[in-house]
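Positions -21 to -1, 1 to 350 (mature numbering (1 follows the signal peptide of the UniProt record, and there is no 0)) are the ones given, in order, by the sequence shown.
For glycine and all other residues, C-beta sits at the position ideal for the given N, C-alpha and C.
This report concerns only the one structure given below.
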Amino acid sequence: MKLGLAIALMSATLLAGTAYAAEKRWDGADDLPVNPLACSAGEASAAPAAKPYDGGQPTNAPDKAGKPISLVDVPKLIGIGYFNATTKGMQDAAKALGNVAAKTDGPTEAKIDEQIKFIDNYITSGVDGILFAANDPVAIAPVLKKALSKGIHVVGYDANSTPNAREWFVNQAEFNGIAKAMIDSMANEAGEDKSFAIVTSTFTTPNQARWIAEMWAYAQKCHPKLKWLETVEAQEDNNLSFNQATTLINKYGDKLSGLFGMTSVATPASAEAVTKAKLCGKVAVVGLATPNAMKPYVNADCVKSVVLWNPVDLGYAATYVMRAVVDGKLKPGATSVEAGKLGKLNVVNGSEILLGAPFIFTKQNIKDFDF
């Protein structure tokens, strides 16, 4: 987290995070205020305060309400199952809307410098809207602000930027909801007093940093005997994720009882490392991943819980949000937006559109999903 943003949020952190200030946050977490959910359904949770709209606005955007528009989607990287699924959702939405042309283009590695180049090129070539999933929330901001200054609409999904660099962000699930699902699953599978490690992409990737921060807060509140060992970076790379998980297994031996995978690449790679080490049933793997990538490990009883949402729906929602923005149907101060077959989606946290609650794939239901 950059110093300026941290200072700006210091007072909010003191108010929202006082109970969690005594112990250092796990590596890979950010320093924003946290709002851990209740430990059980019978407890009351503190609701976050409503926030005014905090997104940016384009300069002199042309009036294309109801007219055909061209969109480009620049995700963290292309060629992996997760973003293939979000792309499918965007194409489904474009077809349903009938007046949207959308394409996905981006780097083949999750590198922010490359992502910025792709966005800059599309600003030059000309599009009506840019969809993005950020590799770094701060580093991507200048090029997104450049797009806004050129009258191009900007909507994020999956991984946010600083709010004023885009108009809206489609959040797949609230960060504290994912944190609760992840930590509860680990405590249930590994044990309340066991030790775990985390395989993430980078310490600056915005969604994973938020999840880890909320996991830290929720664990302290609801599972205080769980022990964090280490967080390692794996760059959304399958081989590196496998190697990092294997290194953690070898480094900590019997002390390691669980691995969290924070990406759709890290989770199956961690499961493969546990399988190769013949530790299924001894080292729990809990993480975020697409069901198709996890079916072999779930069906082999090496993984019991996969936490996610439907990325096809996420891409679909992002496209509908962009269309609503262009049409003037989604403006600052709105409380909801219509998203086709998904129905009405709510606005939260000022300028975020919430897709819904996280979903847990298990051996009983994973066969029903194909993405």
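Alanine 176 is bridged by DSSP to Glu209 and Leu238. Residue environment for lysine 159: buried (at least 16 other C-beta atoms within 10 angstroms of its C-beta). Here the segment 224 to 237 makes contact with the segment 254 to 264; the two share three or more CB pairs at distances below 8 Å. If one requires a minimum length of 4 residues, the alpha helix (DSSP H) runs lying completely within the segment 277 to 337 are 290 to 305, in chain order. For a cut-off of 8 Å, the C-beta gap from alanine 272 to serine 249 is around 11 Å, too long to register as a contact.
Distances from the alpha-carbon of alanine 318 to those of Asp306, Tyr299 and Lys230 put Tyr299 closest. Fully enclosed alpha helix (DSSP H) runs of no fewer than 4 residues occupy 120 to 128 of the segment 113 to 143, in order along the chain. Rounded to the nearest whole angstrom, the C-alpha separation of asparagine 143 and glycine 35 is 4 Å. Linking glycine 312 to proline 31 through their CA atoms gives a straight-line distance of about 7 Å. In the DSSP assignment, threonine 83 forms a beta bridge with Asp52. In the same chain as alanine 64, and ignoring 5 residues on each side of it, the C-beta atoms closer than 6 Å to its own belong to Pro290, Val291 and Phe350, in chain order. The alpha carbon of serine 236 has as its nearest neighbour, out of Cys281, Thr141, Leu219 and Cys201, the alpha carbon of Cys281. The continuous beta strand (DSSP E) containing leucine 267 extends over residues 263 to 267. Here glycine 307 has Ala44 as same chain residues with Cβ atoms under 6 Å from its own Cβ, once five neighbours each way along the sequence are excluded. The straight-line gap separating the alpha-carbon atoms of lysine 74 and aspartate 84 is approximately 18 Å. Of the residues assessed, serine 104 falls on the exposed side of the cut-off, its CB having fewer than 16 other CB atoms within 10 angstroms. By the CB criterion at 9 Å, leucine 287 and phenylalanine 340 fall inside the cutoff. Counting other Cβ atoms within 10 Å of its Cβ, glutamine 343 stays below 16 and is therefore classed as exposed. In the structure shown, valine 253 falls within a helical segment according to DSSP collapsed to helix, strand and coil. In this structure, DSSP gives leucine 11 a state outside helix and strand, which the three-state scheme calls coil. DSSP links tryptophan 147 through a beta bridge to Val134. DSSP, read as helix, strand or coil, puts glycine 58 in coil. Of the candidates Phe182, Ala213 and Met165, the residue whose Cα lies closest to the Cα of tryptophan 207 is Met165. By DSSP's assignment, leucine 110 forms a beta bridge with Asp52 and Val134. The C-alpha of valine 51 is placed about 45 Å away from the C-alpha of glycine 170. Two segments are said to touch when three or more pairs of C-beta atoms, one from each, lie closer than 8 Å; by this definition the segment 8 to 17 touches the segment 190 to 199. Straight through space, the alpha carbons of lysine 129 and alanine 29 are spaced by roughly 31 Å. Counting only residues of its own chain and dropping the five nearest sequence neighbours on each side, valine 316 has a CB closer than 8 Å to the CB of Tyr299, Val300, Ala303, Lys308, Leu309, Lys323, Leu324, Val326 and Ile332. Ranked by Cα distance from glutamate 88, the first of Asn217, Leu123, Ala198 and Gly156 is Asn217. The straight-line gap separating the alpha-carbon atoms of proline 86 and isoleucine 57 is approximately 6 Å.
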